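Protein chains: 4
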Amino acid sequence: MRVIIAKDYDDMSKIAMQNLLGHMFLKKDRVNLSITAGSTPLRLYEMMIDEVKGKDYLKNVHYYNFDEIPHKVKKQEGVTMTDLRQYFYTPAQIPAEQIHVLDETNYSTQDKRIKDAGGLDAMLLGIGTDGHYCGNLPGTTRFSQYTVSIPCDDRIKSRIKKFYETEDDIPDTYVTMGPASVMAARHLILIANGTRKAEIMKTWFKTEIDINIPASILKLHPNITVIMDKDAASLL
Amino acid sequence: MRVIIAKDYDDMSKIAMQNLLGHMFLKKDRVNLSITAGSTPLRLYEMMIDEVKGKDYLKNVHYYNFDEIPHKVKKQEGVTMTDLRQYFYTPAQIPAEQIHVLDETNYSTQDKRIKDAGGLDAMLLGIGTDGHYCGNLPGTTRFSQYTVSIPCDDRIKSRIKKFYETEDDIPDTYVTMGPASVMAARHLILIANGTRKAEIMKTWFKTEIDINIPASILKLHPNITVIMDKDAASLL
Amino acid sequence: MRVIIAKDYDDMSKIAMQNLLGHMFLKKDRVNLSITAGSTPLRLYEMMIDEVKGKDYLKNVHYYNFDEIPHKVKKQEGVTMTDLRQYFYTPAQIPAEQIHVLDETNYSTQDKRIKDAGGLDAMLLGIGTDGHYCGNLPGTTRFSQYTVSIPCDDRIKSRIKKFYETEDDIPDTYVTMGPASVMAARHLILIANGTRKAEIMKTWFKTEIDINIPASILKLHPNITVIMDKDAASLL
Amino acid sequence: MRVIIAKDYDDMSKIAMQNLLGHMFLKKDRVNLSITAGSTPLRLYEMMIDEVKGKDYLKNVHYYNFDEIPHKVKKQEGVTMTDLRQYFYTPAQIPAEQIHVLDETNYSTQDKRIKDAGGLDAMLLGIGTDGHYCGNLPGTTRFSQYTVSIPCDDRIKSRIKKFYETEDDIPDTYVTMGPASVMAARHLILIANGTRKAEIMKTWFKTEIDINIPASILKLHPNITVIMDKDAASLL
Numbered sequence: 075m076r077v078i079i080a081k082d083y084d085d086m087s088k089i090a091m092q093n094l095l096g097h098m099f100l101k102k103d104r105v106n107l108s109i110t111a112g113s114t115p116l117r118l119y120e121m122m123i124d125e126v127k128g129k130d131y132l133k134n135v136h137y138y139n140f141d142e143i144p145h146k147v148k149k150q151e152g153v154t155m156t157d158l159r160q161y162f163y164t165p166a167q168i169p170a171e172q173i174h175v176l177d178e179t180n181y182s183t184q185d186k187r188i189k190d191a192g193g194l195d196a197m198l199l200g201i202g203t204d205g206h207y208c209g210n211l212p213g214t215t216r217f218s219q220y221t222v223s224i225p226c227d228d229r230i231k232s233r234i235k236k237f238y239e240t241e242d243d244i245p246d247t248y249v250t251m252g253p254a255s256v257m258a259a260r261h262l263i264l265i266a267n268g269t270r271k272a273e274i275m276k277t278w279f280k281t282e283i284d285i286n287i288p289a290s291i292l293k294l295h296p297n298i299t300v301i302m303d304k305d306a307a308s309l310l
Numbered sequence: 075m076r077v078i079i080a081k082d083y084d085d086m087s088k089i090a091m092q093n094l095l096g097h098m099f100l101k102k103d104r105v106n107l108s109i110t111a112g113s114t115p116l117r118l119y120e121m122m123i124d125e126v127k128g129k130d131y132l133k134n135v136h137y138y139n140f141d142e143i144p145h146k147v148k149k150q151e152g153v154t155m156t157d158l159r160q161y162f163y164t165p166a167q168i169p170a171e172q173i174h175v176l177d178e179t180n181y182s183t184q185d186k187r188i189k190d191a192g193g194l195d196a197m198l199l200g201i202g203t204d205g206h207y208c209g210n211l212p213g214t215t216r217f218s219q220y221t222v223s224i225p226c227d228d229r230i231k232s233r234i235k236k237f238y239e240t241e242d243d244i245p246d247t248y249v250t251m252g253p254a255s256v257m258a259a260r261h262l263i264l265i266a267n268g269t270r271k272a273e274i275m276k277t278w279f280k281t282e283i284d285i286n287i288p289a290s291i292l293k294l295h296p297n298i299t300v301i302m303d304k305d306a307a308s309l310l
Numbered sequence: 075m076r077v078i079i080a081k082d083y084d085d086m087s088k089i090a091m092q093n094l095l096g097h098m099f100l101k102k103d104r105v106n107l108s109i110t111a112g113s114t115p116l117r118l119y120e121m122m123i124d125e126v127k128g129k130d131y132l133k134n135v136h137y138y139n140f141d142e143i144p145h146k147v148k149k150q151e152g153v154t155m156t157d158l159r160q161y162f163y164t165p166a167q168i169p170a171e172q173i174h175v176l177d178e179t180n181y182s183t184q185d186k187r188i189k190d191a192g193g194l195d196a197m198l199l200g201i202g203t204d205g206h207y208c209g210n211l212p213g214t215t216r217f218s219q220y221t222v223s224i225p226c227d228d229r230i231k232s233r234i235k236k237f238y239e240t241e242d243d244i245p246d247t248y249v250t251m252g253p254a255s256v257m258a259a260r261h262l263i264l265i266a267n268g269t270r271k272a273e274i275m276k277t278w279f280k281t282e283i284d285i286n287i288p289a290s291i292l293k294l295h296p297n298i299t300v301i302m303d304k305d306a307a308s309l310l
Numbered sequence: 075m076r077v078i079i080a081k082d083y084d085d086m087s088k089i090a091m092q093n094l095l096g097h098m099f100l101k102k103d104r105v106n107l108s109i110t111a112g113s114t115p116l117r118l119y120e121m122m123i124d125e126v127k128g129k130d131y132l133k134n135v136h137y138y139n140f141d142e143i144p145h146k147v148k149k150q151e152g153v154t155m156t157d158l159r160q161y162f163y164t165p166a167q168i169p170a171e172q173i174h175v176l177d178e179t180n181y182s183t184q185d186k187r188i189k190d191a192g193g194l195d196a197m198l199l200g201i202g203t204d205g206h207y208c209g210n211l212p213g214t215t216r217f218s219q220y221t222v223s224i225p226c227d228d229r230i231k232s233r234i235k236k237f238y239e240t241e242d243d244i245p246d247t248y249v250t251m252g253p254a255s256v257m258a259a260r261h262l263i264l265i266a267n268g269t270r271k272a273e274i275m276k277t278w279f280k281t282e283i284d285i286n287i288p289a290s291i292l293k294l295h296p297n298i299t300v301i302m303d304k305d306a307a308s309l310l
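Residue numbers (my numbering), protein chains in the order written: chain V, 75 to 310; chain S, 75 to 310; chain Y, 75 to 310; chain Z, 75 to 310.
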């Protein structure tokens, strides 16, 4: 495990970007990345757009989404893809053939498609205050699971409600790469910033591997880089 | 995960050896291996002696023991080292400076010494019918632990009694690289042979990650090769 | 450069095989190898047949021929492919889709096809007493060339005459991966055996990079393993 | 070979920096880099200072100088080290133990010291309008040479005169890693900017491997990245 404490959010974002760009530049053939939606990587994507937009020499880089929360009624892409398009894929002008959709219709082949493409070189992951990562929320996946569809119980529905305009649009299931899918990547990059994440980062470093803190399993990956700003690291 | 079903014990031994020799030949600078005692690798070592004995071009290869059960009274090296010397290190004429002892006096620096030497390139692991590997027996280590000293309770003492001539020589503690130490290696090679191992291999592939089946965690390593003979694979 | 002096031809063959098997086992996704025809690797192939024949777990291994001398009249595959089929591909039961033909019709796309498949992981090369390797004979290719078609002048025709039953079957051109194609592989394995090769090996180690000794350029590859038996190394 | 055409000098500098930072971040244990003096990398170093200054998490990164022009009379470090200290090592606060001096007293062990430290992960190289790189000027080293001391003939003396305040301070010899030392690195990063370099870059891509254009040999490295700005690429 490599642990990097950045001085602030900008610095965390820049270092995480440099890790991703390192993969893009140092591997000459196809590079497979999986990147996260959410608020933590927003500054990173803002920075990275300049580095990748319209760059022919990065046409070897492929992006795989790792979870998706669909709309039940509305005819549009799910929450994760909408978010990633808005903050990265579209402004960065990533060609469609380099973006690999994950959704309800193809989740069961996600692990095979990734494997057949040579496996993931790196995954960029955030962590929730409850210890979740991707769609691996407490009480959903078990450590041995690959990409799965998760039923949305009331707890999950209330949690994802914020993403929907009307209640009838909240889906009954969502999909996520499971712990076994994530652990199969060759490099994990876990980012966290802000005092709001200080408690979970303290917990993450101290805790036993525990299914109730889903991200705890990531501690056992042989090649994980944890990048936090000082605030997120303030309780260590 | 790569799964290889060999036709018999000889074939399993040969393929595992070819994996180890691959590490020795394909990396030009220092190669760090950790290899297992016990009965499963005996044929492998018998074969490998010829390939490594007196070979100057393999002086880049270092061996780290991963557990040790000491003698309490007798003045001699522990059970693991005695076994590895008898079946491999001595007949293969491995120079002393390429053998890295693990014992009660230095276990607390094992992980740092390995890290400072560049990390383990590969570990060769067996699996017990109870799902143990190295000294990670059910009821001993937790998944987050690195190299530790384990107290020998009555259950463990009765189990290791067979290694000792007199009861007063049975130790009160033994040492082992823990799950977190093992998961940090870049490649895990898990070997199993015989119908005696068929049940645990079936369990290993099917089980949830479960601390009561210590080896279950190894399923999540991004670069694990499982090599079984047909007998060990007969219940899959 | 890694230099291995084996005790005899059998030993050289075994070590070279272990290098090739290392590539096959240690890389989990597609492995691209290029292997040589000729007499030097005959024992290696004899040994390796047992290790790869009918092995499902090696279906990730692809073979690329690196030169071809066609028949001008006879309707049959060229000399290199005929040789490799006889001594390795056929007895080893390598599936057709894992064998990549090189011939007069497709040589101009050889480098691109290899690049698109992820590049060569390793090439097994012999060396001639005149310092040639693949079809890079003295006076044919320049160091900067990729895969090319070479006109057969009288000198070359007289040299390859032994492969043909009738003179009218001797071709006017042959094809070979050039120095730039070979240097692009990630690992070169150069094998030599017998006192007949002692003089050229001595020359190879001592010579300046010299287009008249085509193999001299291989000394500059950052990852080359030279495996000789004692006879071939006897003048070093 | 990977070829990247950046839009301007700043962009070339940034991409080259991202390649170097990729090495620093993606390898967890010791990273060995060799970086160039001269004017081409000045903006790169200016940018990179912020990324590495005072960063504990980059203490795994070691720097090896690749050439040195000493002072004959003046008691001070040579031209290359003085330059690298001024523009990078000192403002970037690189700890002394991470800087590896090359000079007249230790050049003969340079290749062995690098090899014993695990080899160079990457070299950052400029190219002269005459096709030189490091101290490999036309008419000095041959392709097969490792680190050497080169006598300064009148041509060389007149060329390096600009670095000295008085003529008696111009040395009789200088040292450089030779072509064989450079080709042994695992990754070469060749940078060029400005219309002044357009002609040599055109030549470099087109030329046969030619000792009179020393950098021509670098075309055969299996893992070279060429980063030019538009001006340097304007004649391609």
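The beta-carbon is built from N, C-alpha and C at its ideal position, and this holds for glycine as well.
Remember, predicted model here, so these are calculated numbers, not experimental data.
Can you find a CB in chain Z that lies within less than 9 angstroms of the CB of residue i?
i: aspartate 185 of chain S; result: no
i: lysine 189 of chain S; result: yes
i: arginine 76 of chain V; result: yes
i: glutamate 171 of chain V; result: no
Counting only the same chain and skipping the five closest in sequence on each side, list residues whose C-beta sits under 6 angstroms from that of residue i.
i: leucine 198 of chain V; result: Ile109, Thr110, Ile263
i: proline 144 of chain S; result: Gly152, Glu178, Pro245
Between which residues of its own chain and residue i is the CB-CB distance below 7 angstroms, once the five residues before and five after are set aside?
i: histidine 295 of chain Y; result: Met257, Leu262
i: asparagine 210 of chain S; result: Thr250, Gly252, Pro253, Pro288
i: leucine 310 of chain Z; result: Met275, Lys276, Phe279
Does residue i get closer than 9 angstroms to chain V when you measure Cβ to Cβ?
i: isoleucine 265 of chain Z; result: no
i: glutamine 167 of chain Z; result: no
i: histidine 174 of chain Z; result: no
i: glutamate 125 of chain Z; result: yes
Between residue i and residue j, what straight-line distance do the alpha-carbon atoms span, to the nearest angstrom?
i: isoleucine 285 of chain S; j: isoleucine 89 of chain Y; result: 41 angstroms
i: leucine 95 of chain Y; j: glycine 96 of chain S; result: 7 angstroms
i: cysteine 226 of chain Z; j: valine 105 of chain S; result: 42 angstroms
i: glycine 202 of chain Z; j: glutamate 120 of chain S; result: 57 angstroms
i: serine 182 of chain V; j: threonine 215 of chain V; result: 15 angstroms
i: aspartate 103 of chain S; j: lysine 189 of chain Z; result: 8 angstroms
i: phenylalanine 223 of chain S; j: glutamate 142 of chain S; result: In the sequence under discussion, the amino acid at residue 223 of chain S is serine, which differs from the phenylalanine named in the question. So the alpha carbons of these two residues sit roughly 10 angstroms apart.
i: isoleucine 274 of chain S; j: arginine 229 of chain V; result: 37 angstroms
i: glycine 128 of chain Z; j: methionine 122 of chain V; result: 24 angstroms
i: aspartate 303 of chain S; j: aspartate 85 of chain V; result: 51 angstroms
I'd like the list of long-range same chain contacts for residue i, defined as Cβ closer than 8 angstroms, with 5 residues on each side in sequence excluded.
i: lysine 231 of chain Z; result: Ile244
i: arginine 76 of chain Z; result: Ile298, Thr299, Val300
i: tyrosine 163 of chain Z; result: Tyr137, Ile173
Contact criterion: CB-CB distance below 9 angstroms. Does residue i meet it with respect to chain S?
i: methionine 155 of chain V; result: no
i: histidine 97 of chain V; result: no
i: isoleucine 274 of chain V; result: no
Contact set between the region 100-121 of chain Z and chain S, restricted to residues whose Cβ is under 9 angstroms from the partner: Lys102, Asp103, Arg104
Beta carbons nearer than 8 angstroms to chain V: which residues of the region 241-257 of chain S have them? Pro253, Ala254, Met257
Closer than 8 angstroms between beta carbons: that is the criterion. Which residues of the region 128-146 of chain S meet it against chain V? none
Alpha helix (DSSP H) runs contained entirely in the region 162-203 of chain V, provided each spans 4 or more residues: 184-190
Positions along the region 187-217 of chain V whose CB lies within less than 7 angstroms of some CB in chain Y: Gly192, Gly193
Unbroken alpha helix (DSSP H) runs of length 4 or more, entirely within the region 203-287 of chain S: which are they? 228-234, 253-257, 272-280
Along the region 291-307 of chain Z, where does the CB come closer than 8 angstroms to a CB of chain Y? Name the residues. Ile291, Lys293, Leu294, His295, Pro296, Asn297
Residues in the region 80-95 of chain S with C-beta within 7 angstroms of chain Y's C-beta atoms, listed in sequence order? Gln92, Asn93, Leu95
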